[in-house]
Amino acid sequence: MGAVEASTMDSERERTILIVEDEQSLAALHAHHLQDDYEARVAFTGGEALVELTSDIDLVLLDRRMPGMSGDELLDHIDDWESDCQVIMVTAVDPDLDIIDMPLAGYLTKPVSKEELLTAVEQAFLIDDYEELVSEYYETHKKYATLTAEFSPTEIDDERFDDLEGRIDELETEMNEILEQFPDDDLRDAFRGIHESE
1 MGAVEASTMD
11 SERERTILIV
21 EDEQSLAALH
31 AHHLQDDYEA
41 RVAFTGGEAL
51 VELTSDIDLV
61 LLDRRMPGMS
71 GDELLDHIDD
81 WESDCQVIMV
91 TAVDPDLDII
101 DMPLAGYLTK
111 PVSKEELLTA
121 VEQAFLIDDY
131 EELVSEYYET
141 HKKYATLTAE
151 FSPTEIDDER
161 FDDLEGRIDE
171 LETEMNEILE
181 QFPDDDLRDA
191 FRGIHESE
């Protein structure tokens, strides 16, 4: 799909993206760009978006400047909702210092090419997948460290412990596979450095 291979973490479920854009032709164009890899839904106002924001929405592409409810206001609603969906701003408004406090997975300034859009979306999902794996990795590794500190190798002759070791290896492999898909070399190195330092 464009510049980046689709992540396989959620291969059993097509990911759903809500496009919130008051320019109907642009919303349709974004939906067309996404339709091969994702389920794309469209809302033309903030009010429509609130209706469409259900638990199966994985990511929102949000215009910042819209009549009525602005993108910033809608973002506050999404944040208050405490959902797991991510938000990428796709807007003609140049970024300002306000975005420091915004829970955003990305910020794209119009005009946005198909490649830019797909890369930003895929990168957001890759980071989300990676963070899930890291969370499971540390949880699993803590159990491993606790058991190895308590018992000698001969005392842990148990299939469940072998499975635990195997899962740690699997998680390390899966994390590295995701890192290799990151389109941004600096971002990939930064995530790898964080993981290796902890």
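Residue 154 in full-length UniProt numbering is what sits at position 154 of the sequence shown, and the numbering runs on without skipping anything. C-beta atoms are modelled at their ideal positions from N, C-alpha and C, and glycine is treated no differently.
Opening and closing residue of the beta strand (DSSP E) in which residue i lies
| i | result |
| --- | --- |
| residue 41 | 39–43 |
Bridge partner(s) assigned by DSSP for residue i
| i | result |
| --- | --- |
| residue 20 | 43 and 62 |
| residue 86 | 59 |
| residue 91 | 109 |
Residue from the options whose Cα sits closest to the Cα of residue i
| i | options | result |
| --- | --- | --- |
| residue 38 | 55, 15 and 21 | 15 |
| residue 55 | 171, 17, 152 and 132 | 17 |
| residue 139 | 165, 123, 85 and 44 | 165 |
| residue 143 | 131, 178, 154 and 162 | 162 |
| residue 105 | 124, 73 and 47 | 124 |
| residue 102 | 159, 21, 175 and 76 | 76 |
| residue 64 | 191, 21 and 158 | 21 |
| residue 87 | 73, 96 and 62 | 62 |
| residue 171 | 137, 183, 82 and 191 | 137 |
| residue 84 | 95, 96 and 128 | 128 |
Run of the alpha helix (DSSP H) containing residue i, from where it starts to where it stops
| i | result |
| --- | --- |
| residue 121 | 114–150 |
| residue 175 | 159–181 |
| residue 78 | 71–81 |
Give a yes or no on contact between the region 109–119 and the region 85–92, applying the rule of three or more CB pairs nearer than 8 Å. yes
The region 25–40 contacting the region 64–81, beta-carbon criterion three pairs below 8 Å: no
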